[in-house]
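S.K.: To start, I am sharing the structure in question, which I have written as structure tokens.
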Amino acid sequence: MKVDAIKKHTVTSDHKLALAAQNASVSIEQAAIKAAEKEREGVDGLMTNLYYLAKRNEPSSSISDFNKLLVHHSVSRFGSMMRADKSLPYEHHESVRDMLDAIAEVVRRQLIDNIRQSGVFSVMCDESTDVSTDKTLTFYIYNLIKTKQRNRLYVSTVNTLMMMTVDTPDISDMNQFNFGRAFDVWAVSKARRFGNKTK
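Now the structure itself:
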């Protein structure tokens with residue numbers, strides 16, 4: 295009796311529709327997974343391009359033209375993200391800023407982790423007047439992994455500022471680190487001219 299009822303049900307239109315819907319749901323789920331993977335690949339590509347421009351000190355506003363160049367030469371991963379007007383998402387300046395901030399945070403955390411693992415690092419101060427129209431004091435932190443500590447000539451007054459800069463909550467207990475400090479000749483000559491002591 296039950297077998298006959300099952301056989302009759304399997305040939306009904308309701309059963310066939312339910313079976314088709316079930317098969318379609320599996321296909322839709324797989325399509326959604328593939329679409330998410332393509333979207334993730336596209337975002338990874340956009341962030342890679344932004345990181346490349348940032349390393350070259352290029353303006354973030356050039357990201358749109360840079361992406362178009364890659365699409366033109368068919369070397370991009372943006373095919374699934376391309377809009378009807380051939381534009382790409384995430385090129386608005388706010389989206390670009392959010393992605394740059396995310397990249398910067400990853401780089402910052404990696405730098406701090408490297409410093410903690412190294413135990414030895416060096417800080418160099420340079421005015422960078424050769425690469426900018428405004429005089430900006432830039433701090434370069436170099437990891438000295440598997441190298442000996444090197445002490446160079448430095449200006450005591452700037453040394454205090456430098457120690458305040460690196461004394462952040464992320465780098466606790468600075469006494470456990472060995473420091474190498476270096477300043478360029480211009481900074482030392484200026485310090486001597488204005489009477490600052492050097493060590």
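Just so we're aligned, residue 295 is where the sequence shown starts under my numbering, counting upward by one. By construction, the Cβ of each residue, glycine as well, lies at the ideal position given by its N, Cα and C atoms.
(1) Contact check, residue 354 vs residue 344 under 8 Å by CB: the rounded distance?
(2) Rounded to a whole number of angstroms, what is the C-alpha to C-alpha distance between residue 407 and residue 342?
(3) Can you determine whether any heavy atom of the ligand COA sits closer than 7 Å to the C-beta of residue 365, and answer yes or no?
(4) Which whole-angstrom value describes the C-beta separation of residue 361 and residue 347, a residue pair presumed to lie in contact below a C-beta threshold of 8 Å?
(5) Assuming residue 358 and residue 333 make a contact with CB atoms under 8 Å, what is their CB distance in whole Å?
(6) Please report how far the alpha carbon of residue 410 lies from the alpha carbon of residue 404, in whole angstroms.
(7) Which class does residue 351 belong to by DSSP, given the choice of helix, strand or coil?
(8) Please list, in chain order, all residues of the same chain as residue 394 whose beta carbon is under 8 Å from its beta carbon, the five residues on each side excluded.
(9) Look at the alpha carbon of residue 336 and the alpha carbon of residue 372, and state the distance between them as a whole number of angstroms.
(10) Give the straight-line distance between the Cα atoms of residue 389 and residue 340, rounded to the nearest whole angstrom.
(11) If I follow the unbroken alpha helix (DSSP H) through residue 390, where does it start and stop?
(12) Roughly how many whole angstroms lie between the Cα atoms of residue 368 and residue 356?
(13) Rounding to the nearest angstrom, what Cα-Cα distance links residue 401 and residue 311 in this structure?
M.R.: In brief:
(1) In the sequence shown, counting from the first residue as 1, residue 354 sits at position 60. In the sequence shown, counting from the first residue as 1, residue 344 sits at position 50. Cβ-Cβ separation between residue 354 and residue 344: approximately 7 Å, consistent with a contact (criterion under 8 Å).
(2) As a first step, residue 407 is located in the sequence shown; it is residue number 113 there, counting from the start. As a first step, residue 342 is located in the sequence shown; it is residue number 48 there, counting from the start. Each residue's Cα considered, the two are about 22 Å apart.
(3) Absence of the ligand COA from the depicted structure is noted, as is the absence of any ligand whatsoever, leaving it without description.
(4) Residue numbering aside, residue 361 sits at position 67 when the sequence shown is read from its first letter. Residue numbering aside, residue 347 sits at position 53 when the sequence shown is read from its first letter. The distance from the Cβ of residue 361 to that of residue 347 is about 10 Å, inconsistent with a contact at the 8 Å cut-off.
(5) For the purposes of this step, residue 358 is taken as the residue at position 64 of the sequence shown. For the purposes of this step, residue 333 is taken as the residue at position 39 of the sequence shown. Not quite, the Cβ-Cβ distance comes to about 19 Å (not below 8 Å), so this is no contact.
(6) Counted from its first residue, the sequence shown places residue 410 at position 116. Counted from its first residue, the sequence shown places residue 404 at position 110. Each residue's alpha carbon lies about 10 Å from the other.
(7) In the sequence shown, counting from the first residue as 1, residue 351 sits at position 57. Here residue 351 sits in coil by DSSP.
(8) The residue labelled residue 394 in the question sits at position 100 within the sequence shown. If we look at residue 394 and ignore the five residues flanking it on each side, its Cβ neighbours are 344, 348 and 354.
(9) On the sequence shown, position 42 is the one that residue 336 refers to. On the sequence shown, position 78 is the one that residue 372 refers to. The straight-line gap from Cα to Cα measures roughly 5 Å.
(10) Residue numbering aside, residue 389 sits at position 95 when the sequence shown is read from its first letter. Residue numbering aside, residue 340 sits at position 46 when the sequence shown is read from its first letter. About 11 Å.
(11) Against the sequence shown, residue 390 aligns to sequence position 96. Taken as a continuous stretch (DSSP letters only), the alpha helix (DSSP H) holding residue 390 covers 387-412.
(12) As a working mapping, residue 368 is identified with position 74 in the sequence shown. As a working mapping, residue 356 is identified with position 62 in the sequence shown. Each residue's Cα considered, the two are about 19 Å apart.
(13) In the sequence shown, residue 401 corresponds to position 107, counting from 1. In the sequence shown, residue 311 corresponds to position 17, counting from 1. Rounded to whole angstroms, residue 401 to residue 311 spans 53 Å at the Cα level.
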